[in-house]
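Undergrad: Heads up: the sequence shown runs through residues -28 to -1, 1 to 797, numbered per mature numbering (1 follows the signal peptide of the UniProt record, and there is no 0).
Every residue gets a Cβ at the ideal spot worked out from N, C-alpha and C, and that includes glycine.
Every value quoted in this text rests on a predicted model; they were computed, and no experiment measured them.
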Amino acid sequence: MRIERLRLVAPLSAALLAIAVFTGSGFAADSEPPEADDAVTFDIPPQPLPEALVAFSARTKLHVVYEGPIAHGVRSPGVTGVLTPTDALRRLLDGTGLSYRFIDRRTITLDRAAAVAQPAPASLRHSPPPSGAPEGEKPVLVPEVAVTATRTERSLAAIPQAVTVVTKEQIEEQRYVSRGLVDILAQLVPGMAPSTQSLSNFGQGIRGRNVLVLIDGVPQGTSRQSFRELMAIDPYAVERIEVVRGATAIYGDGATGGIINIITKQAGEGKPSFTTESVVTSQPTNPTASIGGRFYQSASGQHGGFDYSVSGSYERFGGFFDADGSRVPPDPNSQGGLADSNAGNLFVKLGKNFGAQRLQLTANHYRIFQNTDYTTDPIVNTTPGRQPARALKGLQLDQDQGSVNTVVNMDYHHRDFFGSRIHAQVYYRHFFTRFFPFDGRAFSSFGNSIIQSHIASERAGTRLEIETPLPIPAGARAPLVLWGLDFNHERTDQPVSIMDATAFTNSGGLVFNTTGERPWTPPITMRNLGLFAQFEWQVLERLLVRAGARHERVGVHLDDFRTIAGNAIVGGDKEFNKTVFNAGGVLTVTKAVSLYGSFSQGFSIPDISRVLRTAGAGTVFETAGFRPQTVNNYEAGVRGQWSRLQTSLAYFYTRSKLNASFAPDLSIQFAPEWTEGVEGTLDVQPDDRWRLGGTVSYVEGKLDLNNNGNYTWLDGFRIPPMKVTGYIEHETWPEYHWRNRVQVLFAGWRDRFSNSTAFGRLPVEGYAVVDLLSSIKAGPGTLRFGVQNLLNNRYFPVVSQLQSVDSAYTAARGMLVSLGYSVTY
């Protein structure tokens, strides 16, 4: 079977690479003149040259492009003062052995010192712009993109793993058809499963495995998994999102499928700047009952030597209705819903620079709770045949489902501490989530009761990372070592409220009266200490190698407790130790094409509380046999970056000796398993007004339940069907910045368990969703219009199709129209 799947990789690889090779070189680089003053204030301290150039580009709005290897391991002396862009760039390059030249009115390329630096184009001196360099003199360009998800600012070309960067502009655009990050990332990130369209990201991993979600480097997961990590912050507070796909341990445990690093809005510069946005949403089939909206206000700037960014947002989600106009139950998959919810977000960032040093405080508070009169009609579970879930009015529930997430962190940066770069961070996170009641009378692990649980967690921690160039003989490129430690302390528990089953039955599933409360999982305390070192060296002109290791020590404590089924569990203390490794390299074949390959290990601590809540009588935690789950990830890929075409292709294979997944009876099973797949991306800009492209993702996997070499398919919550996305975008009226975009997401078919009706093993039917986005300059601001599910297609999300009970077999939202106006002043 693996051989058959591998046959998919070769033709797909050849097709994407052929497109890149045969069409990429034909696209020319056209640029508009930049808007720039003669003199700009610079305060760029000594630091690695790639980081200094990122700061230079941000300050001048000029693009600096170069072949990645020529700047690796090179340090810039920095620049301070009021200078023209060209004078500032000369100082940044002083002593580096590099020179610059303008290849058009807003793009600069770097060369070895043999090339002569050219003056700025006339447009930078407020005179008529030049016609540009002759077409034959324009080089093939490799733009550098800063990525911090690897704990250091590196270009995409220097990372031997697949990486996706979701920009601020993409987030702003997608907010009009994809309100939450679960939707935005599913649309833009290859390898990520289709959206759940709910409060939960359960079943929405990357490459068939769980991901580690960070907000500014602060972990958002809990030891008792809640799957709320992607609903922990409002997209309004997000600057960009960086996704490293594939197992990694650079940030510690939990990243067996990759890392999603959510980076918050940057502090402002100069005079105060304010942004206001107001949006109204509605579904044409039920315009009144579905009406919702949101309001956003921000302020940023500098004052008294401090820079700051402050914002607040509020959103009301209306009722959700499918394409036929039927109300969608507010808890669609028994994992949490968004319909009839109120959400708010407060964000503050305050920072100050001290020469090469910076101190920064960031705080974000997000809250979302449902307030609905509806629930799911339980009668569908007794009706013969497959029945879609339906809403039932008259809900009586004292405690609404929802979440609260608070993150506070302090960062200290020193960009040149005796030649090293230092970053230190301390953070605190408080998280609370309450689930909708669940009818668990058919499951002993639920106490054969109707229950409503909540998870409460507190985490405090610190990080220290130091990047140091190693001394080597003169003339050689200095290798870099990133080394440091992470420490965090977490306490989490999950109590449960027991509901009156008689009142529930007599009311037809509408009335939830609490009769008592008790622990469902034992309160658990975890302490993590991680030591790491990451080595990077430009060995040859076109070869970059990276290798590293991390040692993690995890201490776990839990008290004696009794399960909801009445089984006595003996608590205690247990320590887990794990050392994991990674190694990889990037080969620059041409200025536009690079190849990479890597081996990386990720690991995770089992969801101990989840396992023990269903344990048998007499279970002793200290001897229960829990072990860290290690995933070996092998990956190879190719990237192409031309001026008007960008493409990538990645193949991966992962293997683990002990990995956790759900059994049909909702218990946790541990078994050896493997996954493999392919991911491709393509973006083309035929001219200045057209953009089009898309992604493709395919993953498959098996596990050996009996550890006898007989592998069976992994369930659908782990392995999504093939996903294909595409878009076409046109700047219809450049003078008014009128831009229109149509995008599509297609989820394919998967049926690996013949005639099975078990949880996670039902067949998945394919579906396609088309969205429309439009924006135009109107007065001092921007008018935006979005239509989610433009064709009003009736379909069932992947996670809904995998549910074993019909009350969770919920249709997707039908057409949703969003209209908003934003202004910055």
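Should the segment 178 to 193 be called in touch with the segment 209 to 229, which here means at least 3 C-beta pairs below 8 angstroms?
TA: yes
Undergrad: CB-CB under 6 angstroms to Val528, same chain, minus the five flanking residues each way: which ones, in chain order?
TA: For the purposes of this step, residue 528 is taken as residue 556 along the sequence shown, with counting starting at 1. Taken in chain order, the residues that qualify are Met498, Lys546.
Undergrad: Give me the Cα-Cα distance between Gly180 and Leu322, rounded to the nearest whole angstrom.
TA: As a first step, residue 180 is located in the sequence shown; it is residue number 208 there, counting from the start. As a first step, residue 322 is located in the sequence shown; it is residue number 350 there, counting from the start. Using only the alpha carbons, I get a separation of about 38 angstroms.
Undergrad: Alpha helix (DSSP H) containing Ile580: first to last residue?
TA: For the purposes of this step, residue 580 is taken as the residue at position 608 of the sequence shown. Counting along the chain, the alpha helix (DSSP H) containing Ile580 begins and ends at 580 to 584.
Undergrad: Applying the criterion that 16 or more other CB atoms from any shown protein chain within 10 Å of the CB defines a buried residue, is Met(-28) buried or exposed?
TA: The count along the sequence shown starts at 1 and reaches residue -28 at position 1. Its pLDDT being 43, under 50, Met(-28) is placed unreliably in this model, and the coordinates cannot settle the point.
Undergrad: In the DSSP assignment, what are the bridge partners of Leu454?
TA: Residue mapping note: residue 454 aligns to position 482 of the sequence shown, counting from 1. Its beta-bridge partners are Glu439, Gln506.
Undergrad: Applying the 10 Å Cβ sphere with the 16-neighbour rule, what's the burial state of Arg490?
TA: Residue numbering aside, residue 490 sits at position 518 when the sequence shown is read from its first letter. Answer is exposed; the Cβ neighbour count stays below 16.
Undergrad: Could you tell me which of Thr474, Leu745, Lys33 sits nearest to Thr56, measuring between CA atoms?
TA: Reading the sequence shown from its first residue, position 84 is the one you call residue 56. Answer by Cα proximity: Lys33.
Undergrad: Determine the DSSP secondary structure at Thr474, reduced to helix, strand or coil.
TA: For the purposes of this step, residue 474 is taken as residue 502 along the sequence shown, with counting starting at 1. Residue state, collapsed to three classes: helix.
Undergrad: From the DSSP secondary-structure annotation, give me the bridge partner or partners of Ser262.
TA: Against the sequence shown, residue 262 aligns to sequence position 290. For Ser262, which the question treats as bridged, DSSP gives no partner whatsoever.
Undergrad: Assuming Thr704 is part of the beta strand (DSSP E), what are its boundary residues?
TA: Residue mapping note: residue 704 aligns to position 732 of the sequence shown, counting from 1. 695 to 705 is the extent of the beta strand (DSSP E) around Thr704.
Undergrad: List in chain order: all unbroken beta strand (DSSP E) runs of 3+ residues lying wholly within the segment 362 to 426.
TA: 363 to 365, 374 to 389, 392 to 406
Undergrad: Excluding the five sequence neighbours on either side, which residues of its own chain have a C-beta within less than 6 angstroms of the C-beta of Asn631, listed in chain order?
TA: Here residue 631 is taken as the residue at index 659 of the sequence shown, counted from 1. For Asn631, where only same-chain residues beyond five positions count, the Cβ hits under 6 angstroms are Gln601, Glu645.
Undergrad: What number of angstroms, rounded off, separates the C-alpha of Arg525 from the C-alpha of Phe415?
TA: Locating residue 525 in the sequence shown gives position 553, where the first residue counts as 1. Locating residue 415 in the sequence shown gives position 443, where the first residue counts as 1. Their backbone Cα atoms lie some 35 angstroms apart in a straight line.
Undergrad: Spatial neighbours of Thr378 within its chain, please: C-beta separation below 6 angstroms, excluding the five flanking residues on both sides.
TA: Indexing the sequence shown from 1 puts residue 378 at position 406. Answer for Thr378: His337, His402, listed in chain order.
Undergrad: Report the partner residues of Ile611 according to the DSSP bridge assignment.
TA: Against the sequence shown, residue 611 aligns to sequence position 639. Residue identity differs from the one stated: residue 611 is Arg in this sequence, not Ile. Answer is Ser566, Ser620.
Undergrad: So, with DSSP's three-state summary, where would you put Met787?
TA: Position 815 of the sequence shown holds residue 787. Coil.
Undergrad: I need the straight-line Cα distance from Leu791 to Leu755, nearest angstrom please.
TA: Stepping through the sequence shown from its first residue, residue 791 is reached at position 819. Stepping through the sequence shown from its first residue, residue 755 is reached at position 783. In a straight line, the C-alpha of Leu791 is about 8 angstroms away from that of Leu755.
Undergrad: Take every Cβ of the segment 666 to 677, pair it with every Cβ of the segment 685 to 705, and state whether three or more of those distances are shorter than 8 angstroms.
TA: yes
Undergrad: Kindly indicate which three-state DSSP category Ala239 falls into: helix, strand or coil?
TA: On the sequence shown, residue 239 is found 267 positions in, with the first residue counted as 1. DSSP places Ala239 in coil when its eight states are reduced to three.
Undergrad: On a CA-only basis, which of Val650, Arg722, Ala780, Thr139 is nearest Thr236? Give me that one, please.
TA: Translated into the one-based positions of the sequence shown, residue 236 becomes position 264. Checked all of Val650, Arg722, Ala780, Thr139; the closest Cα to Thr236 is Thr139.
Undergrad: Which residues does DSSP list as the beta-bridge partners of Pro20?
TA: Numbered from 1 along the sequence shown, position 48 holds the residue referred to as residue 20. Pro20 is bridged to Arg47.
Undergrad: Look up Val656 in the DSSP assignment and give the residues it is bridged to.
TA: Position 684 of the sequence shown holds residue 656. Answer by DSSP bridge pairing, in chain order: Leu617, Leu664.
Undergrad: Does DSSP put Ala27 in a helix, a strand or coil?
TA: Position 55 of the sequence shown, counting from 1, holds the residue named residue 27. Residue state, collapsed to three classes: helix.
Undergrad: Could you spell out the range, first to last residue, of the beta strand (DSSP E) harbouring Lys33?
TA: In the sequence shown, residue 33 corresponds to position 61, counting from 1. Premise fails: Lys33 is in no beta strand (DSSP E) and is neither H nor E.
Undergrad: Reducing DSSP to helix, strand and coil, say where Thr247 ends up.
TA: In the sequence shown, residue 247 corresponds to position 275, counting from 1. Here Thr247 sits in strand by DSSP.
Undergrad: Between the Cα of Thr464 and those of Leu567, Arg196, Asp66, spot the shortest distance and give me the residue it belongs to.
TA: By one-based count along the sequence shown, residue 464 stands at place 492. Looking at the Cα atoms, Arg196 is the closest of the given residues.
Undergrad: Express the C-alpha separation of Ser421 and Gln506 in angstroms, rounding to a whole number.
TA: Here residue 506 is taken as the residue at index 534 of the sequence shown, counted from 1. Here residue 421 is taken as the residue at index 449 of the sequence shown, counted from 1. About 50 angstroms.
Undergrad: For Val716 and Val742, which I take to be in contact (beta-carbon distance under 8 angstroms), what is that distance rounded to the nearest angstrom?
TA: Here residue 716 corresponds to residue number 744 of the sequence shown, with the count starting at 1. Here residue 742 corresponds to residue number 770 of the sequence shown, with the count starting at 1. Yes, they are in contact, since the Cβ atoms of Val716 and Val742 sit about 5 angstroms apart, within 8 angstroms.
Undergrad: Would you mind sorting Asp312 into buried or exposed? The rule is 16 or more other CB atoms within 10 Å of its CB.
TA: Residue numbering aside, residue 312 sits at position 340 when the sequence shown is read from its first letter. With 16 or more Cβ atoms within 10 Å of its Cβ, Asp312 is classed as buried.
Undergrad: Can you tell which of Gly652, Thr344, Ile156 has its C-alpha closest to the C-alpha of Gly291?
TA: Stepping through the sequence shown from its first residue, residue 291 is reached at position 319. The candidate whose alpha carbon is nearest that of Gly291 is Thr344.
Undergrad: Let me check understanding here. Comparing Cα to Cα, which of Thr487, Val468, Tyr767 lies closest to Gly476?
TA: As a first step, residue 476 must be located in the sequence shown, where it is residue number 504. Note on residue identity: the sequence assigns Phe, not Gly, to residue 476. Cα-wise, what sits closest to Phe476 is Thr487.
Undergrad: Could you spell out where the beta strand (DSSP E) holding Arg339 opens and where it closes?
TA: Reading the sequence shown from its first residue, position 367 is the one you call residue 339. From DSSP, the beta strand (DSSP E) with Arg339 extends over 329 to 342.
Undergrad: Taking the CB atoms as reference points, tell me whether Pro162 and Val558 lie closer together than 8 angstroms.
TA: Position 190 of the sequence shown holds residue 162. Position 586 of the sequence shown holds residue 558. It is not a contact, given that the beta carbons lie outside the stated cut-off.
Undergrad: Anyone know if the C-beta pair for Val149 and Ser167 falls short of 8 angstroms?
TA: Locating residue 149 in the sequence shown gives position 177, counting from the first residue. Locating residue 167 in the sequence shown gives position 195, counting from the first residue. Going by C-beta atoms, Val149 is not nearer than 8 angstroms to Ser167.
Undergrad: Can you tell me whether residue 875 is buried or exposed? The criterion is at least 16 other CB atoms within 10 Å of its CB, across all chains shown.
TA: Given that the chain is displayed from residue -28 to residue 797, the structure contains no residue 875 and the question cannot be resolved.
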